[in-house]
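Residue numbers (the working numbering): 1 to 215. C-beta: ideal position from N, C-alpha, C; glycine also.
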């Protein structure tokens with residue numbers, strides 16, 4: 001009797017095995033040569049956070065390029081990291097200093113007199129501040145100023161993740177000189193050398209903020 005039970009149990013196991021193989025084959029049919037097409041999200045126009053080839057200036061477009069440069073200016077104008085040497089470098093009139101290269105002499109002088117002392121104090125306290133544009137950047141049809149609404153997030157104390165940042169908002173009215181393309185009368189070899197040295201690319205564009213009104 002035991003041998004009969006074992007015999008039928010073996011048959012049942014064989015049926016279950018063949019049934020499993022059949023179902024597996026029905027779910028995945030190798031003859032159909034199914035393939036998975038990978039897709040990469042590319043959240044950035046330039047090389048940062050973009051796994052694919054960066055878009056060219058023509059693909060980005062002049063309007064979007066201007067937006068990128070204005071956002072860069074806002075970041076450079078306000079950001080703070082807990083590093084006094086960083087603040088010192090930002091006060092220098094050199095091609096490696098983005099805020100200097102993006103500003104007219106009067107705008108840079110005014111920044112040194114108004115915003116830079118606050119940045120220096122925050123850096124000495126080991127605070128951190130980030131700035132970003134919160135709305136669409138636009139210029140009224142009959143106006144001379146680009147209107148930029150921004151938000152500042154300031155962490156007053158270092159290494160304390162329980163404290164929420166101080167949030168403040170404001171508006172910049174920027175009078176801007178901008179022409180599409182890179183600066184004229186400079187050889188591409190010199191531009192490549194400048195970029196390979198780790199300098200900020202903003203210096204190679206025809207972009208300058210000639211006046212800043214802060215509200």
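Item to complete: Go ahead and pull the three-state DSSP assignment for residue 81.
Response: What you label residue 81 is simply residue 81 of the chain shown in a count that begins at 1. If DSSP states are grouped into helix, strand and coil, residue 81 belongs with coil.
Discussion item. Using the three-state DSSP reduction, which class does residue 114 fall into: helix, strand or coil?
Written reply: Counted from its first residue, the chain shown places residue 114 at position 114. Here residue 114 sits in helix by DSSP.
Discussion item. Tell me the rounded alpha-carbon separation between residue 215 and residue 87.
Written reply: Translated into positions along the chain shown, residue 215 becomes position 215. Translated into positions along the chain shown, residue 87 becomes position 87. Here the alpha carbon of residue 215 sits roughly 24 Å from the alpha carbon of residue 87.
Worksheet entry | Stretch pair the segment 151 to 171 + the segment 197 to 208: three plus CB contacts closer than 8 Å | no
Discussion item. Give me, in chain order, the residues of the same chain whose beta-carbon lies closer than 6 Å to that of residue 120; leave out the 5 immediate sequence neighbours on both sides.
Written reply: By one-based count along the chain shown, residue 120 stands at place 120. Residues of the same chain with a CB within less than 6 Å of the CB of residue 120, apart from the 5 flanking positions on each side, are 87 in chain order.
Worksheet entry | Environment of residue 103 [buried if 16+ CB atoms lie within 10 Å] | For the purposes of this step, residue 103 is taken as residue 103 along the chain shown, with counting starting at 1. Taking all protein chains in view, the Cβ of residue 103 is crowded by 16 or more other Cβ atoms within 10 Å, so the residue is classified as buried.
Worksheet item: What is the rounded straight-line gap between the Cα of residue 194 and the Cα of residue 188?
Response: Counted from its first residue, the chain shown places residue 194 at position 194. Counted from its first residue, the chain shown places residue 188 at position 188. So the alpha carbons of these two residues sit roughly 10 Å apart.
Fill in: Option in 183, 105, 151 with minimal Cα separation from residue 130
Residue numbering aside, residue 130 sits at position 130 when the chain shown is read from its first letter. Among 183, 105, 151, the Cα nearest to that of residue 130 is on 151.
Item to complete: Inspect the beta-carbon positions of residue 80 and residue 133 and report whether they are closer than 8 Å.
Response: For this step, residue 80 is matched to residue 80 along the chain shown. For this step, residue 133 is matched to residue 133 along the chain shown. Their beta carbons are not under 8 Å apart, which means residue 80 does not touch residue 133 by this criterion.
Worksheet entry | Residue interval of the beta strand (DSSP E) (run including residue 158) | In the chain shown, the residue the question calls residue 158 occupies position 158. For residue 158, no beta strand (DSSP E) segment is defined, and its DSSP state is neither H nor E.
Worksheet entry | Range of the contiguous alpha helix (DSSP H) that encloses residue 193 | Within the chain shown, residue 193 is the residue found at index 193, counting from 1. Annotation for residue 193: the continuous alpha helix (DSSP H) segment containing it runs 188 to 196.
Worksheet item: Under a three-way DSSP split, which group does residue 145 fall into?
Response: As a working mapping, residue 145 is identified with position 145 in the chain shown. Correct three-state label for residue 145: coil.
Practice prompt. For the beta strand (DSSP E) containing residue 180, list its first residue and its last residue.
Written response: By one-based count along the chain shown, residue 180 stands at place 180. Taken as a continuous stretch (DSSP letters only), the beta strand (DSSP E) holding residue 180 covers 166 to 182.
Worksheet item: What did DSSP end up calling residue 128 once you bin it into helix, strand or coil?
Response: Position 128 of the chain shown, counted from the first residue, corresponds to residue 128. Residue state for residue 128 is assigned as strand, using DSSP reduced to three classes.
Discussion item. Once DSSP output is grouped into helix, strand and coil, what is the label at residue 13?
Written reply: Translated into the one-based positions of the chain shown, residue 13 becomes position 13. If DSSP states are grouped into helix, strand and coil, residue 13 belongs with the helices.
Worksheet entry | Expected contact under 8 Å - CB spacing of residue 70 and residue 174 to nearest Å | As a position in the chain shown, residue 70 is number 70, starting the count at 1. As a position in the chain shown, residue 174 is number 174, starting the count at 1. Residue 70 to residue 174, Cβ: 7 Å. Contact.
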